[in-house]
Amino acid sequence: MTTRQARLISRTCLTLALLVVAVPFVFPFLWMVSSGFKSATEIFGQPSLIPRVWRWQNYVEVFEYQPFARQYFNSLYIAVTVTVLTLIISSLAGYALARMRFAGAGLLMLFLVSALMVPEEVTIIPNFFLIRWMGLMDTHAPLILLPVFGSHGVMATFLMRQYFLAIPKELEEAGKMDGLSRFGIWWRVALPMSRPALAAVSIITFLFSWNLFLEPLVFISSLERFTLPLALSNFTDSYGLPLWHLQLAATSLAVVPILIVYLIAQRQIIESFALSGVKG
Amino acid sequence: MANTLTDHVSARGLRAPRFSLRQREAIEAWLFVSPTVVGFMLFFLGPLVAVVYFSLTEWNLLTQQSTFVGVENYVDALSRNPDFWHVLRNSFVFALGLVPLNMSLALMLALALSRPFRGVVFFRTIFFAPVVTSAVAWAIVWKFLLQGEAGAVNQLLAMVGIDGPNWLREPDWAMVAVIVTRVIKMVGLNMILYIAALQAIPRDYEAAARLEGASSWQIFRMVIWPLLAPTTLVIFVITMIGSFKVFDHIYLMTGGGPENGTLVLAFYIYEQGFKFFNVGYASALAMIMFVIVLALTVVQMILRRRDMQ
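Top line first, the protein sequences correspond to chains A and S. The working numbering applies: residue 8 is where the first sequence begins, and numbers increase by one. The working numbering applies: residue 13 is where the second sequence begins, and numbers increase by one.
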């Protein structure tokens, strides 16, 4: 057997093994979409990936059962707001920490590092009282404020700082010669140079906010203020049992757009996670 | 009027600059970091101090009464309340089940996918897809797939003659089910970190070892694995911390049941705080979680430092 043949065989075996491992990664998505088109009775009948009767009606009922369009929009605008605020605030702080000398910088770094180590679950109880005291219960404010200023925001700050450190000093000097203020250098020199870092922070922040669950669960009580993850868990009958056909149709509506964006930009998205490296 | 204006201008021209360049930079820097600092004080540092205090009180939200009780809550958790040790044990079982499974699978996938071949992008895309999917959606779909007899998993098992258990209704199987589905959800992230580390290893090392007649396994054992050690350590700590924090998965798939079989620390904190309104006790539990996570991080830092030397 030549080495070429041996290589071909080992490669084929590897591909086959990977295909088998891929099943539990792909199957749930296929089954979710397919079941979203089935009737409540067919869902537990003979298993089949293709529905016997395509029940498009499910997708109408999803919007009738609760204000799903509104909830969808809530998730979208909250995620966009969180992303924009995080970009501005973390890049400002990241820039100062990377490029400016000031008393207290070391101490500030130390505090920020410590924030990375503390899970949200630890501070959620006092934050609950703080938000209640501020009169912001059952509003979207905590869903925006906590991610922006919590450990996720701190991680974004570090990511930006690392990136700014790598920008050549000469470019800043040139900016200064042209009469730019610090703010101007940040806006016109540093930010345009750090597009990859900004893209990475945007992608991770958007997904982080979009998928947030504990905070909405604690702070939101009105149906029309629900975000998607809360809404998805809310398709139940009067006994609290899941209405599977509706729940899976709604889950498909929530997941498929994200998956499509992911498939289009998979390289960029995967690299963003590799760059940040630390979001369990 | 004109007079005062000229006075003003001349006064400014004569006076020395109010701040030195150094001071000006410091002031500007603090303006840059001020949103972060204010938010950090308000939503992180303040709450962290508060949770320490809360943990020393007996405070039930329903009775609205808060009394200082010292370390009573901790004593209660550690010695009187049998639930606590059960919950802690569950958290460790979850972590010790998840971490080795996640890391070994991630490493194997990374080894298979770190070099270009036809289909490499396809497979990377597939294994990473659950990472970008919301945990809620993932948990809902798997709960659906793992229904007793009618669930797709058991239907598929039946086709090959296996009589699957009622996964989420039996305490031990429920734990297995949440661990495995969580691994499938998160393994892509570790895979990517391992791929990045593997690609950073110079190819010459491997070529040199191969010239000396080393087998693939020897190359992995003697060359690649030691070079991956720093990455392995980071992944270990991240995954361990992540598994202590697991909440949404448990909340949606099992609700801590059956028979408290999957009641883990993060879920227990939520339950005590927001379902039973035991603010003091829940805060003490949160502090215990904090200490566990902190210990893990400190161990990682010490090991990393030793690693670098």
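C-beta atoms are modelled at their ideal positions from N, C-alpha and C, and glycine is treated no differently. Computed from a prediction, not measured in an experiment: that's the story for all the values here.
Per-residue DSSP class, three states only, for residue i
i	result
PRO126(A)	coil
VAL285(A)	Reliability fails at VAL285(A), whose pLDDT of 46 lies under 50, so the model's placement of it is uncertain and the value that follows must be treated cautiously. Three-state DSSP puts VAL285(A) in coil, outside helix and strand.
TRP71(S)	strand
SER91(S)	helix
PRO249(A)	strand
THR79(S)	strand
THR48(S)	helix
THR164(A)	helix
ASN65(A)	helix
ASN102(S)	helix
ASN290(S)	strand
THR309(S)	helix
VAL274(S)	Correcting the residue identity first, residue 274(S) is Thr in this sequence and not Val. Here THR274(S) sits in coil by DSSP.
THR243(A)	strand
THR9(A)	coil
PRO54(A)	coil
ALA23(S)	Low confidence applies to ALA23(S): its pLDDT is 46, below 50, so where it sits in the model is not reliable enough to give any reading.
THR244(S)	helix
HIS147(A)	coil
GLN73(A)	coil
VAL144(S)	helix
LEU15(A)	helix
MET171(S)	helix
GLY186(A)	coil
THR199(S)	Note that residue 199(S) corresponds to Val in the displayed sequence, not to Thr. Helix.
GLU49(A)	helix
VAL64(S)	helix
LEU25(A)	helix
ASN166(S)	helix
Environment of residue i [buried if 16+ CB atoms lie within 10 Å]
i	result
ARG136(S)	buried
TRP229(S)	exposed
SER17(A)	exposed
THR309(S)	buried
TYR65(S)	exposed
PHE80(S)	exposed
LYS287(S)	exposed
ARG106(A)	buried
ARG194(S)	buried
MET39(A)	buried
GLY101(A)	buried
MET184(A)	exposed
THR69(S)	buried
MET252(S)	buried
LEU15(A)	exposed
MET53(S)	exposed
Minimum Cβ-Cβ distance from residue i to chain B less than 9 angstroms
i	result
PRO47(S)	No chain B appears in the structure shown, which is made up of the protein chains A and S.
Contact under 9 angstroms by Cβ, residue i with residue j
i	j	result
GLU280(S)	PHE139(S)	It should be noted that the sequence gives Tyr, not Glu, for residue 280(S). No, Cβ-Cβ distance for TYR280(S) and PHE139(S) is not below 9 angstroms.
VAL133(S)	GLN273(A)	yes
VAL190(S)	MET265(S)	yes
ALA112(A)	LEU99(A)	no
ILE276(A)	VAL199(S)	no
VAL208(A)	THR90(A)	yes
LEU275(S)	MET301(S)	no
PHE187(A)	VAL196(A)	Checking the sequence, you will find Leu at residue 187(A) rather than Phe. Yes, these two residues count as a Cβ contact at 9 angstroms.
SER103(S)	TYR86(S)	no
ALA238(A)	ALA256(A)	no
LEU266(A)	ALA141(S)	yes
GLU40(S)	PHE190(A)	yes
- Could you run through the region 233 to 251 of chain A and flag, in chain order, every residue whose CB is less than 7 angstroms away from some CB of chain S? Against chain S - using a Cβ distance shorter than 7 angstroms - the residues of the region 233 to 251 of chain A are PRO236, LEU239, SER240 and TRP251.
- Message: For the region 115 to 133 of chain A against the region 55 to 64 of chain A, do three or more pairs of beta-carbon atoms, one drawn from each stretch, fall closer than 8 angstroms, so that the two count as touching?
- Response: With a cut-off of 8 angstroms on Cβ pairs, the region 115 to 133 of chain A is not in contact with the region 55 to 64 of chain A, counting fewer than three such pairs.
- Query: Within the chosen definition, does the region 112 to 123 of chain S reach the region 205 to 216 of chain S through at least 3 CB pairs nearer than 8 angstroms?
  - Reply: With the cut-off at 8 angstroms, the region 112 to 123 of chain S and the region 205 to 216 of chain S touch.
- Query: Between the region 67 to 77 of chain A and the region 131 to 146 of chain A, are three or more C-beta pairs nearer than 8 angstroms?
  - Reply: Fewer than three pairs of CB atoms, one per stretch, sit closer than 8 angstroms, so the region 67 to 77 of chain A makes no contact with the region 131 to 146 of chain A.
- Message: Along the region 220 to 232 of chain A, where does the CB come closer than 9 angstroms to a CB of chain S? Name the residues.
- Response: If you check each beta-carbon in the region 220 to 232 of chain A against every beta-carbon of chain S, the ones closer than 9 angstroms belong to PHE220, LEU221, LEU224 and VAL225.
- Item | Interface positions of the region 50 to 79 of chain S facing chain A (Cβ-Cβ less than 8 angstroms), listed along the chain | Of all residues in the region 50 to 79 of chain S, those with a C-beta nearer than 8 angstroms to a C-beta of chain A are GLY51, PHE52, LEU54, PHE55, PHE56, LEU57, GLY58, PRO59, LEU60, ALA62, VAL63 and PHE66, reading in chain order.
- Message: Counting only Cβ-Cβ distances shorter than 8 angstroms, please list the residues of the region 266 to 282 of chain A near chain S, keeping chain order.
- Response: Within the region 266 to 282 of chain A, the residues whose Cβ lies closer than 8 angstroms to some Cβ of chain S are LEU266, TYR269, LEU270, GLN273, ARG274, ILE276, ILE277, PHE280 and ALA281, listed in chain order.
- Item | Any 3 or more C-beta pairs closer than 8 angstroms across the region 159 to 167 of chain A and the region 87 to 101 of chain A | Under the 8 angstroms Cβ criterion, the region 159 to 167 of chain A counts as touching the region 87 to 101 of chain A, having at least three qualifying pairs.
- Message: Any C-beta of chain A within less than 7 angstroms: which residues of the region 151 to 175 of chain S qualify?
- Response: Residues ILE152, VAL153, TRP154, PHE156, LEU157, ALA162, ALA164 and GLN167.
- Query: Taking any Cβ of chain A, which residues in the region 208 to 228 of chain S have a Cβ under 9 angstroms from it, in chain order?
  - Reply: With the criterion set as a beta carbon lying under 9 angstroms from some beta carbon of chain A, the members of the region 208 to 228 of chain S are ALA208, in sequence order.
- Task: Would you list, in chain order, the members of the region 283 to 316 of chain S that have their beta-carbon closer than 7 angstroms to a beta-carbon of chain A?
- Result: Against chain A - using a Cβ distance shorter than 7 angstroms - the residues of the region 283 to 316 of chain S are GLY285, PHE286, VAL291, ALA294, SER295, ALA298, MET301, PHE302, VAL305, LEU306 and THR309.
- Task: Please confirm if the region 23 to 35 of chain A is in contact with the region 147 to 166 of chain S, defined as three or more CB-CB distances below 8 angstroms between the two stretches.
- Result: Under the three-pair Cβ rule at 8 angstroms, the region 23 to 35 of chain A counts as touching the region 147 to 166 of chain S.
- Does the region 170 to 185 of chain A come close enough to the region 228 to 235 of chain A that 3 or more CB-CB pairs lie under 8 angstroms? Output reads no: the region 170 to 185 of chain A does not touch the region 228 to 235 of chain A.
- Query: Are three or more beta carbon pairs between the region 237 to 248 of chain S and the region 199 to 218 of chain A nearer than 8 angstroms?
  - Reply: Touching, no.
- Message: Any contact between the region 251 to 265 of chain S and the region 37 to 52 of chain S? By contact I mean 3 or more CB pairs, one from each, below 8 angstroms.
- Response: Put simply, the region 251 to 265 of chain S does not touch the region 37 to 52 of chain S. Fewer than three CB pairs are less than 8 angstroms apart.
- Task: Could you run through the region 90 to 118 of chain S and flag, in chain order, every residue whose CB is less than 7 angstroms away from some CB of chain A?
- Result: Considering only beta carbons, no part of the region 90 to 118 of chain S lies closer than 7 angstroms to chain A.
- Task: Check each residue of the region 33 to 44 of chain A: if its Cβ is closer than 9 angstroms to any Cβ of chain S, include it; give the result in chain order.
- Result: Hits within the stretch, in order: VAL33, PHE34, PRO35, PHE36, TRP38, MET39 and SER42.
- Of all the residues that make up the region 127 to 138 of chain S, which are near chain A by a beta-carbon distance shorter than 8 angstroms? Those residues of the region 127 to 138 of chain S that come within reach of chain A (Cβ to Cβ, closer than 8 angstroms) are PHE129, GLY131, VAL133, PHE135, ARG136, THR137 and ILE138.
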